[in-house]
Amino acid sequence: MNGGSFGQRGSYGSLPCYGKLSNIARKQSSKMPPVSSRDKERVLLVVCRCLGRRRVAMLLLVALALLVFIWGSLTVSKETTSPTVRPMDSIHFDNSDIISHPSVACRSRANSILDHPCHKFALPPPPPSGGRRFGPRPCPVCYISAEQARASIPCSSSASPVLRNLTYVVDENPIKIESHGGSEFGGYPSLKQRNEYFDIQESMTVHCGFVKGNRPGRQTGFDIDEADLMKLEEFHEVIVASAIFGNYDIIQQPKNVREAARKNVPFYMFIDEETETYLKNSSALDSNMRIGLWRIIVVHNIPYTDARRNGKVPKLLLHRLLPNVRYSIWIDGKLQLVVDPYQVLERFLWQQNASFAISRHYHRFDVFEEAEANKAAGKCDNSSIDYQIEFYKKEGLSPYSKAKLPITSDVPEGCVIIREHIPITNLFTCLWFNEVDRFTARDQLSFSTVRDKIIAKVDWSINMFLDCERRNFVIQAYHKDLLDHMPPPVAHVIRHPPPLHRDGSAGRNPSKNSRRGRDRRSGSRQHRKAAAGNREKQTFL
106 MNGGSFGQRG SYGSLPCYGK LSNIARKQSS KMPPVSSRDK ERVLLVVCRC LGRRRVAMLL
166 LVALALLVFI WGSLTVSKET TSPTVRPMDS IHFDNSDIIS HPSVACRSRA NSILDHPCHK
226 FALPPPPPSG GRRFGPRPCP VCYISAEQAR ASIPCSSSAS PVLRNLTYVV DENPIKIESH
286 GGSEFGGYPS LKQRNEYFDI QESMTVHCGF VKGNRPGRQT GFDIDEADLM KLEEFHEVIV
346 ASAIFGNYDI IQQPKNVREA ARKNVPFYMF IDEETETYLK NSSALDSNMR IGLWRIIVVH
406 NIPYTDARRN GKVPKLLLHR LLPNVRYSIW IDGKLQLVVD PYQVLERFLW QQNASFAISR
466 HYHRFDVFEE AEANKAAGKC DNSSIDYQIE FYKKEGLSPY SKAKLPITSD VPEGCVIIRE
526 HIPITNLFTC LWFNEVDRFT ARDQLSFSTV RDKIIAKVDW SINMFLDCER RNFVIQAYHK
586 DLLDHMPPPV AHVIRHPPPL HRDGSAGRNP SKNSRRGRDR RSGSRQHRKA AAGNREKQTF
646 L
């Protein structure tokens, strides 16, 4: 080894100085004054003693680690700012490299996902259960800042495979010709028409609700006031929508919404007249038909008697009610949005180059299991569920297995839908609505059938993200009927300890009390011994 061998490492990681270090001593600069051999030996002896000491060696290691840490921090600061832990355990990045300039209003879709600051983010391992069974809960999610998420809006729309032009059936007098043909609002599409709609063409005309008129909301069922319709027809890059029918939920106000989203993103809440009456009586609704961030849209002439079915209209047919919107986030009425909508869209659509995103169910992945769970919970009439599942089985529905990968689940948690409004996603939600209209209102049962029939024809996919990620940006509240039946919270009684007396003569004689206490304790011990003796006698008898 050039330069001499340093020997073996000591027990604490230090290097013993037992060898000669003449080669090192020779490398002194010629400009230095001459040093005697005795001085060299004295210096080397001091160095060896210092390095051999445990405390000094540890200090050197700590100093080295500190230097490495400072150097790493300086290097990272050139690329990205440090991540900060947001509420709900989400992780937030500020990175100016994701956009070319803060003034840019959109980004090109050609940007590589590998350049994204969240590309290397990975979920931490779940906490150890310790024998306890935990329910569903949120997990960390990596978001960029709301300002840069807004600047990341794609300049162009996503490609719609095969389908370019989608129009909708208009029939002022629909006639029911099959026993399970849906509803008048849906136009009673036949089974033949249903099957033809899954054969994707460049131009298509399909049933998609609102069949009685050319403009949804105008004497089509699910009617909306003209002033509100004009608002809904305005152009917006992003909107957030929800609905409450049958006074079923309590409106939840979004949180952590930045100023840009407050100014540019409308929040629409669709309600029926029953819910409107309740809100007016509770003085929650102001004269501008607003509650906090939500603009209230009252729906008249609702098409179904079931409030859950009425809720499927804005949930699945949002593109028909808002025809000039690029992106939408749907959340059920029981949910509270707690992350800026631009960040949600950037994380689950734009970052993934996806046009449709929905979370998978936290526990069930198989439609057959979901059907049994719905029957056990009384979510719907059991015979209707059985009819729907048998129908799908005849069409080829099979239990979910790993053979379907990269499809990760057949059952969504459908309370949140994040989507881009392009022809293929509009077709998907139209056909999904037709299944809900024809069969049960449980949209989890029909989701995979519609998805699989479409992706069998075209190159398209859905981003089914984790349910714990969904729980990161929405908080789920109880339905109103459950809250009404809950008992009021129990008032906690604060018991203050008795005051301590400074004067020892106050109160009873402490010596008597302590003796009496000892007598009671000894008496109780004697009683326990006597009782134990009686039990022993009984066992021997």
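By our numbering, the letter at position 34 of the sequence shown is numbered 139, and the numbering carries on one by one without gaps.
C-beta atoms are modelled at their ideal positions from N, C-alpha and C, and glycine is treated no differently.
Note that the structure is predicted; figures quoted are calculated from it, not measured.
- Nearest to N300 by alpha-carbon distance, out of S566, R576, Q581, K562, is K562.
- For R367, there is no enclosing beta strand (DSSP E); the enclosing alpha helix (DSSP H) covers residues 364-369.
- Judged by pairs of C-beta atoms under 8 Å, the stretch 530-550 does not touch the stretch 239-250, as fewer than three such pairs exist.
- H224 sits in coil when the DSSP states are folded into three classes, being neither helix nor strand.
- For D557, the enclosing alpha helix (DSSP H) has its first and last residue at 548-560.
- Taking the C-beta atoms as reference points, Q549 is found no nearer than 8 Å to P504.
- When DSSP assignments are scanned along the stretch 491-578, the uninterrupted stretches of alpha helix (DSSP H) that are 4 or more residues long and fall wholly within it turn out to be 528-543, 548-560, 572-578.
- Of the residues H224, D437, I349, the one whose Cα lies closest to the Cα of V579 is D437.
- In the DSSP secondary-structure assignment, A462 is bridged to I523, N568.
- The C-beta distance from I396 to P371 rounds to 14 Å, too long to meet the 8 Å contact threshold.
- Note on geometry: alpha-carbon atoms of Q581 and R414 lie some 20 Å from one another.
- With fewer than 16 neighbouring CB atoms inside 10 Å of its own CB, R242 falls in the exposed class.
- For A582, there is no enclosing beta strand (DSSP E), since its DSSP letter is neither H nor E.
- Taking a cut-off of 8 Å on C-beta distances, the stretch 347-367 touches the stretch 380-391, as three or more cross pairs fall below it.
- Separation of P428 and P231 (C-alpha to C-alpha, rounded to the nearest whole angstrom) is 42 Å.
- Across the set Q357, F290, A365, the C-alpha of A365 shows the shortest separation from the C-alpha of Q448.
- Between C223 and Q456, the C-beta gap is smaller than 8 Å, which places the two residues in contact.
- In the DSSP assignment, L454 falls outside any beta strand (DSSP E), carrying neither H nor E.
- Separation of L398 and P359 (C-alpha to C-alpha, rounded to the nearest whole angstrom) is 7 Å.
- Between S257 and S460 the beta-carbon gap is near 15 Å, outside 8 Å, which marks them as no contact.
- Residues F544 of the same chain have their beta carbon placed closer than 8 Å to that of F496, with the five preceding and five following residues left out of the count.
- In this structure, DSSP gives P259 an extended state, which the three-state scheme calls strand.
- Here DSSP, grouped into helix, strand and coil, assigns T410 to coil.
- As summarised for the stretch 252-323, the continuous alpha helix (DSSP H) elements at least 4 residues long and confined to that stretch are 296-302, given in chain order.
- Exclusion of the five residues before and after K507 leaves no residue of its chain whose Cβ lies closer than 7 Å to its Cβ.
- DSSP, read as helix, strand or coil, puts H468 in coil.
- At the C-beta level, G318 and V274 stay beyond 8 Å of one another.
- Rounded to the nearest whole angstrom, the C-alpha separation of S265 and R431 is 13 Å.
- Out of V311, I463, A254, G240, the CA that lies nearest to the CA of E451 is found in A254.
- Per DSSP, the unbroken beta strand (DSSP E) holding Y432 starts and ends at 430-436.
- Contact between G326 and P408 holds, with the beta-carbon distance rounding to 4 Å and staying under 8 Å.
- In the displayed model, F372 falls within a strand according to three-state DSSP.
- Residue pairing by DSSP places Q441 opposite I580 in a beta bridge.
- Cβ contact annotation for D333 (same chain, cutoff 7 Å, sequence separation greater than five): I402, in chain order.
- Taking 8 Å as the cut-off, the Cβ atoms of F453 and F570 count as close.
- DSSP, reduced to helix, strand and coil, places V343 within a strand of the structure shown.
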